[in-house]
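Chemist: Below is one structure. I have some questions about it.
Number of protein chains: 2
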Amino acid sequence: MAITQPAYARVADVLRSRINKGEYEPGDLLPSQRELREEFDISTTTAKAAIAQLEKEGLIYSQQGKGVFVQTTRELLRYTAGRYGQGRPPNLTEEEQGNYAYDVEAERRQVEVAAGIAERLGIEEGERVSEAVYTWTHEGETVMISSQWEPLSITGGTPIETPASGDRGQPDVITRFASIGIHVTDVREDIRTRMPTPDEAHRLKINAGVPVFHIQRTHFAGQTAVETAEIVMRGDRFVLRNEQVIPIAQ
Amino acid sequence: MAITQPAYARVADVLRSRINKGEYEPGDLLPSQRELREEFDISTTTAKAAIAQLEKEGLIYSQQGKGVFVQTTRELLRYTAGRYGQGRPPNLTEEEQGNYAYDVEAERRQVEVAAGIAERLGIEEGERVSEAVYTWTHEGETVMISSQWEPLSITGGTPIETPASGDRGQPDVITRFASIGIHVTDVREDIRTRMPTPDEAHRLKINAGVPVFHIQRTHFAGQTAVETAEIVMRGDRFVLRNEQVIPIAQ
DNA sequence: ATAAATTTGTTCGTATGTATA
DNA sequence: CTATACATACGAACAAATTTA
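So the sequence lines, in the order shown, correspond to chains A and B. The first sequence begins at 1 in the numbering used here and counts up one residue at a time. The second sequence begins at 1001 in the numbering used here and counts up one residue at a time.
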């Protein structure tokens, strides 16, 4: 039971319902602050507060000099779990295949491992690891950034010492390690969601009100961690899909 | 190359670095707006802008009359994919087991199915379905809300016509359907992240700057969808974990 | 190509309301 | 009851980005 709603909330409600009814479609320009002042007989401050409210909800975003727009949420499909690093899922339509056409830029170096990563790899802090930083773009848009670490005690001196990008730009950890006789038995992923850091928001050109997926992934060969990665994905461009086949007998 | 940073951004940077350095810990009270005005020689507006910036990043939240606090991010572990509806994962520590102690409140009714849900169930809009709405609480805190639909053309007249909550409050779809001779073969989940709607923010008592996981799950028996659900989880309380076992032979 | 107009971004100051200690 | 804290709201001015004339 709201006693009396603040003016900015009332204006936000009206705009939100217009968006939900489709009066303003994704990408459309919303009324300017001046128009809101006149239509609702409110001050600049209140108009800005209404805009800020809908920005926090991720419904709209504003651009200086241009105006306020309804968020677009073009989604790419991405498979989680066993699908990571194993290329595209099977049986995709042509349109879906386009969604898997990434461009990847990579930077690779050898460094001393930081504490948190060392723990995930089960090695001592300061040990040498290969580090690779990837930037994934789709249709000119940066949609994902990731970092990857592998202990040089495992890959050092082998042909896979330097992490490589596969055909589709997707570094296939399992195949790479298999090539030196190490068979990955498990992949674990912890998936979180949060708002981007200022740096991430800048690199991913994320609009206000858009969260990110943050995935920590580790490949295991038996009890030994052979690779771990941090993956940050735009929350408005990805759907993580899990498909699990249930064994027939209980 | 930032030419000159706005005053509010500079203040936000200082506060953010204090939080990251641990000078303010989760739950701690930050300086009041009056103190910020004095410390940084800024106006009310600028102090509020700095606070708003860090709220958008999900680092802090404010409470009228009390002050501004560093966000706490107590996490519950939750398994995705095949784990849904199959109880707790095995081999949990005592602490982790506590994380699975949910209380569930359920409302159940029979309704005519809406368009979107009908499509996912592969039935006609307006067909009769059972609908169940669950509210999941953990230590007195609402952490998840979900809705579940099953076609009455499948379950109507059977002992499982009314969706039931299992031992741990987790309705076990696979076991329930098995009891009437229907064997679930696949579970599909599409996982999205977004900011909560005002209604969700209210029901989940979510602080500013905290996104939610939004999961659409469907259970299939062969080609037939037998159940579908919408699940909304607090993004600051859940980690979705995937563990995938890789077959030995390629 | 330039200038003017439009729009959002930043910042100031002030006043009042509401929740909490 | 009082003081403190954040929330809401008004008005004004200038800056920065963009569009329009």
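We put the beta carbon where it would ideally sit given N, CA and C, even for glycine.
For Tyr1102 (chain B) and Ile1123 (chain B), I'd like the C-alpha separation in whole angstroms.
Modeler: 32 Å
Chemist: Since Asp1190 (chain B) meets chain A, which of its residues come closer than 9 Å, beta carbon to beta carbon?
Modeler: Leu77, Val239, Leu240, Arg241 and Asn242
Chemist: With DSSP as the reference, label Tyr1061 (chain B) as helix, strand or coil.
Modeler: The answer is strand: DSSP assigns Tyr1061 (chain B) an E or B state.
Chemist: Mind the definition here: the segment 1131–1142 of chain B touches the segment 1194–1209 of chain B only if three or more C-beta pairs lie below 8 Å; say whether that holds.
Modeler: In this structure the segment 1131–1142 of chain B lies against the segment 1194–1209 of chain B, because at least three pairs of beta carbons, one per stretch, are closer than 8 Å.
Chemist: Does DSSP classify Glu23 (chain A) as helix, strand or coil?
Modeler: coil
Chemist: Whose CA, out of B:Gly1209, B:Val1184, B:Ser1179 and B:Glu1119, lies closest to the CA of Thr193 (chain A)?
Modeler: Check the Cα spacing between Thr193 (chain A) and each of B:Gly1209, B:Val1184, B:Ser1179 and B:Glu1119: the tightest is with B:Gly1209.
Chemist: Among A:Glu139, A:Glu189, A:Ile246 and A:Ser146, which residue has its Cα nearest to the Cα of Arg217 (chain A)?
Modeler: A:Glu189
Chemist: For Pro1247 (chain B) and Thr185 (chain A), I'd like the C-alpha separation in whole angstroms.
Modeler: 7 Å
Chemist: So the candidates are B:Gly1156, B:Pro1151, B:Pro1159 and B:Arg1176; which of them puts its Cα closest to the Cα of Ala1225 (chain B)?
Modeler: Distance from the Cα of Ala1225 (chain B) is smallest, within the candidate group B:Gly1156, B:Pro1151, B:Pro1159 and B:Arg1176, for B:Pro1151.
Chemist: Cβ of Met195 (chain A) less than 8 Å from any chain B Cβ?
Modeler: yes
Chemist: Pick helix, strand or coil for Gly67 (chain A), following the three-state DSSP scheme.
Modeler: Gly67 (chain A) carries a strand assignment under DSSP once its states are collapsed to helix, strand and coil.
Chemist: Using the Cβ count rule (16 or more neighbours within 10 Å means buried), how would you classify Gly1265 (chain B)?
Modeler: The displayed coordinates of chain B run from 1001 to 1250. Any statement about residue 1265 (chain B) would go beyond what the structure contains.
Chemist: Should Gly235 (chain A) go down as buried or exposed, given a rule of 16 or more other Cβ atoms within 10 Å for buried?
Modeler: buried
Chemist: I believe Val1070 (chain B) touches Glu1139 (chain B) by the beta-carbon criterion, under 8 Å. Please report the beta-carbon distance rounded to the nearest angstrom.
Modeler: That belief does not hold up - the Cβ atoms of Val1070 (chain B) and Glu1139 (chain B) are roughly 20 Å apart, past 8 Å.
Chemist: Look at the Cβ atom of Val111 (chain A), then the Cβ atom of Glu131 (chain A), and state whether they are nearer than 8 Å.
Modeler: yes
Chemist: Which two residues bound the contiguous alpha helix (DSSP H) that contains Val1173 (chain B)?
Modeler: Val1173 to Ala1178
Chemist: Checking contacts by CB at 8 Å: is Asp1167 (chain B) closer than that to chain A?
Modeler: Reliability of the predicted coordinates at Asp1167 (chain B) is poor, the pLDDT of 45 falling under 50, and the value obtained from them is presented with this limitation in mind. Closer than 8 Å: no.
Chemist: Would you call Asn1242 (chain B) buried or exposed, if buried means 16 or more other Cβ atoms sit within 10 Å of its Cβ?
Modeler: buried
Chemist: Lys1048 (chain B) and Gln1033 (chain B): beta carbons closer than 8 Å?
Modeler: Against a cut-off of 8 Å, the Cβ pair of Gln1033 (chain B) and Lys1048 (chain B) comes out as a contact.
Chemist: Compare the C-alpha of Val239 (chain A) against each of A:Phe213, A:His183 and A:Phe220 and name the closest.
Modeler: A:Phe213
Chemist: Could you tell me which residues DSSP pairs with Ile145 (chain A) in its beta bridges?
Modeler: A:Thr135 and A:Val232
Chemist: Let me know if Lys1180 (chain B) comes out buried or exposed under the rule of 16 or more other beta-carbons within 10 Å of its beta-carbon.
Modeler: Note on identity: in this sequence residue 1180 (chain B) is Ile, with Lys being the wrong assignment. With fewer than 16 Cβ atoms within 10 Å of its Cβ, Ile1180 (chain B) is classed as exposed.
Chemist: For Gly1074 (chain B), does the three-state DSSP call read helix, strand or coil?
Modeler: What sits at residue 1074 (chain B) in the sequence shown is Arg, not Gly. Coil, per DSSP.
Chemist: How many Å lie between Gly1116 (chain B) and Gly1067 (chain B) at the Cα?
Modeler: 42 Å
Chemist: Rank B:Asn1020, B:Thr1046 and B:Val1173 by C-alpha distance to the C-alpha of Ala1007 (chain B) and give the top, closest one.
Modeler: B:Thr1046
Chemist: Scan the segment 192–243 of chain A and note each continuous alpha helix (DSSP H) run of 4 residues or more that stays entirely inside, going in chain order.
Modeler: 198–203
Chemist: What residues in the segment 200–231 of chain A have a beta carbon less than 7 Å from any beta carbon of chain B?
Modeler: Ala208, Gly209, Pro211 and Phe213
Chemist: Answer yes or no: does any C-beta atom of chain A fall closer than 8 Å to that of Glu1057 (chain B)?
Modeler: Yes, contact with chain A.
Chemist: Below 6 Å CB to CB, which residues in the same chain sit around Lys1146 (chain B) once its five sequence neighbours on both sides are set aside?
Modeler: First, the amino acid is wrong: residue 1146 (chain B) is Ser here, not Lys. Same-chain partners within the cutoff: Tyr1134, Ala1229 and Ile1231.
Chemist: Looking at chain A, which residues of the segment 1124–1151 of chain B have a Cβ within less than 7 Å of any of its Cβ atoms?
Modeler: none
Chemist: Return no unless some Cβ of chain B is closer than 8 Å to the Cβ of Thr185 (chain A).
Modeler: yes
Chemist: On the premise that Ala50 (chain A) lies in contact with Val113 (chain A), defined as a C-beta separation below 8 Å, what is that separation, rounded to the nearest angstrom?
Modeler: With 8 Å as the limit, Val113 (chain A) and Ala50 (chain A) do not qualify as a contact, their Cβ atoms being about 48 Å apart.
Chemist: Using a Cβ-Cβ distance under 8 Å, would Gly1027 (chain B) count as near chain A?
Modeler: no
Chemist: Return no unless some Cβ of chain B is closer than 8 Å to the Cβ of Gly235 (chain A).
Modeler: yes
Chemist: Can you give me the start and stop residues for the beta strand (DSSP E) that Gln110 (chain A) sits inside?
Modeler: Per DSSP, the unbroken beta strand (DSSP E) holding Gln110 (chain A) starts and ends at Asp103 to Glu112.
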